[in-house]
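Trainee:
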Amino acid sequence: MAKVLAFVSFVLILLALVCCTVAFSSYWYRVETGDSTLYTKYNEFKVTSDSGSRTYSIPKEFKELNKNTVSIYNASLAFDILAWIVLIIAGVITLLSGFGIIEKIPILGSILPMIGKFILIVAVLCCLLSMFIFLGVQKAAQKDCRNSYNSDNLKDLYCNNDQGAYDFARSADDYYQGPTTSWIAVVIASALTIGACFLNICGGIF
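Per our numbering, the very first residue in the sequence shown carries number 9; after that it's consecutive.
1) From which residue to which residue does the alpha helix (DSSP H) around P187 run?
2) Taking just the CA atoms, how far does G99 sit from K11?
3) Whole angstroms are fine: how far does the CA of G203 sit from the CA of R62?
4) Run through the DSSP bridge pairs and tell me what L8 is partnered with.
5) Around the Cβ of K68, are there at least 16 other Cβ atoms within 10 angstroms (buried) or fewer (exposed)?
6) With contact counted as at least three CB pairs below 8 Å, one residue from each stretch, are the segment 97 to 111 and the segment 41 to 56 in contact?
7) How about S34 and T201: are their beta carbons less than 7 Å apart?
8) Give the straight-line distance between the Cα atoms of D164 and K71, rounded to the nearest whole angstrom.
9) What separation, rounded to the nearest whole angstrom, lies between the Cα atoms of G186 and G172?
10) Exposed or buried, what is L162 when buried is set at 16 or more other beta-carbons lying within 10 Å of its beta-carbon?
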């Protein structure tokens with residue numbers, strides 16, 4: 009039974025790895041207006057419309073003016089990559105356990121089971137941190153907006169959230185702003201990693 013659970017855990021880890029890969033290779037946020045959509049990730053914009061799509065690297069000037077927003081993207085990406093690395097290690101150890109090889113490895117045979125049992129806790133924390141940090145992306149954008157004006161009146165005029173401009177997700181007629189592929193992938197990866205973590209700790213795999 010433990011071997012079966014080991015392979016189930018490995019599949020969950022593998023699926024979580026796929027999600028984390030999607031997260032750091034795709035876009036995190038989108039703003040859709042009519043037939044035009046702006047996608048954003050840590051280093052790139054993509055604009056799509058009925059006439060096609062164009063991709064732009066984020067210029068240095070934008071990064072300097074939007075330091076808080078860029079920091080959110082970078083932090084979420086960093087924790088996603090850390091989760092990806094930990095998942096690879098956990099996947100290898102779990103697979104070795106499933107095939108009954110782990111106990112036969114000299115010296116490490118007594119250490120790896122303990123690592124394999126609890127290492128996914130680190131992956132869970134990284135996935136959750138990536139997910140929850142990104143929830144603050146619009147608040148960071150509002151802070152950047154306010155930092156760009158010296159006058160409090162201008163800050164209140166252009167950087168207020170009366171119409172929900174800085175809500176994490178908002179939809180109206182022919183308009184949507186909110187998370188997209190990468191953030192959704194991290195949410196799924198979090199759930200899958202929690203499942204695998206539970207199996208590794210409580211399933212008698214190690």
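Note that the Cβ used here is the ideal one computed from N, Cα and C, for glycine as well.
Mentor: Well, looking at it:
1) Reading the sequence shown from its first residue, position 179 is the one you call residue 187. First-last for P187: Y183 to P187, but that is the beta strand (DSSP E), not the alpha helix (DSSP H).
2) Here the question's residue 11 lines up with position 3 in the sequence shown. Here the question's residue 99 lines up with position 91 in the sequence shown. Rounded to whole angstroms, K11 to G99 spans 14 Å at the Cα level.
3) Taking the sequence shown and counting its residues from 1, the one referred to as residue 62 is at position 54. Taking the sequence shown and counting its residues from 1, the one referred to as residue 203 is at position 195. Going by the C-alpha atoms only, they are around 39 Å apart.
4) This structure does not reach residue 8, given that the chain is present from 9 up to 214, and the question cannot be answered.
5) The sequence position of residue 68 within the sequence shown is 60, counting from 1. The C-beta of K68 has fewer than 16 other C-beta atoms within 10 Å across all chains shown, which makes the residue exposed.
6) no
7) One-based indexing of the sequence shown puts residue 34 at position 26. One-based indexing of the sequence shown puts residue 201 at position 193. No, the Cβ-Cβ distance between S34 and T201 is not below 7 Å.
8) Numbered from 1 along the sequence shown, position 156 holds the residue referred to as residue 164. Numbered from 1 along the sequence shown, position 63 holds the residue referred to as residue 71. So the alpha carbons of these two residues sit roughly 23 Å apart.
9) The sequence position of residue 186 within the sequence shown is 178, counting from 1. The sequence position of residue 172 within the sequence shown is 164, counting from 1. Rounded to the nearest angstrom, the two C-alpha atoms are 12 Å apart.
10) Taking the sequence shown and counting its residues from 1, the one referred to as residue 162 is at position 154. Burial call: exposed.
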